[in-house]
Amino acid sequence: MKELLTNIRPPKYLRYFFYIIYSFYRNYKSERTDAHITATIFLAFMHMLFFLSLVFIVEDYYSLDTYQGYTNTYLTIFITGVIFYFGFFF
439 MKELLTNIRP PKYLRYFFYI IYSFYRNYKS ERTDAHITAT IFLAFMHMLF
489 FLSLVFIVED YYSLDTYQGY TNTYLTIFIT GVIFYFGFFF
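In my numbering, each residue carries its 1-based index in the sequence shown increased by 438.
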């Protein structure tokens with residue numbers, strides 16, 4: 439099995455693609471003071487989409503429970519939002 443895995447290489451176009459991307463950004467240094475905030479927002483975008491989908495799933499699941507009301511739903515959403523906020527912005 440090791441002999442088969444040693445001969446596997448990534449496709450050539452992927453190596454060229456990553457080299458072009460690397461050569462474009464290798465000498466780039468940001469002069470902006472808010473660049474880290476922009477990068478954080480950009481990187482957290484997919485996680486925020488996950489959070490929003492989780493909010494809608496939890497809200498649909500708990501909206502059937504009329505005895506407890508919406509207290510559990512909004513408490514769960516609030517706690518998850520706080521975790522995402524402190525996890526990605528600090």
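Idealized CB from N, CA, C, for every residue including glycine.
- Note on geometry: alpha-carbon atoms of Ser491 and Tyr512 lie some 14 Å from one another.
- For Ile459, the secondary structure class from DSSP, reduced to helix, strand or coil, is helix.
- Between Phe489 and Phe522, the C-beta gap is smaller than 7 Å, which places the two residues in contact.
- Take the alpha-carbon of Val496 and the one of Gly519: they are about 13 Å apart.
- Between Phe524 and the set Met486, Asp498, Tyr451 and Tyr457, the nearest pair of CA atoms involves Met486.
- Cβ contact annotation for Arg447 (same chain, cutoff 7 Å, sequence separation greater than five): none.
- In the three-state reduction of the DSSP assignment, Ala477 falls in the helix class, which pools H, G and I.
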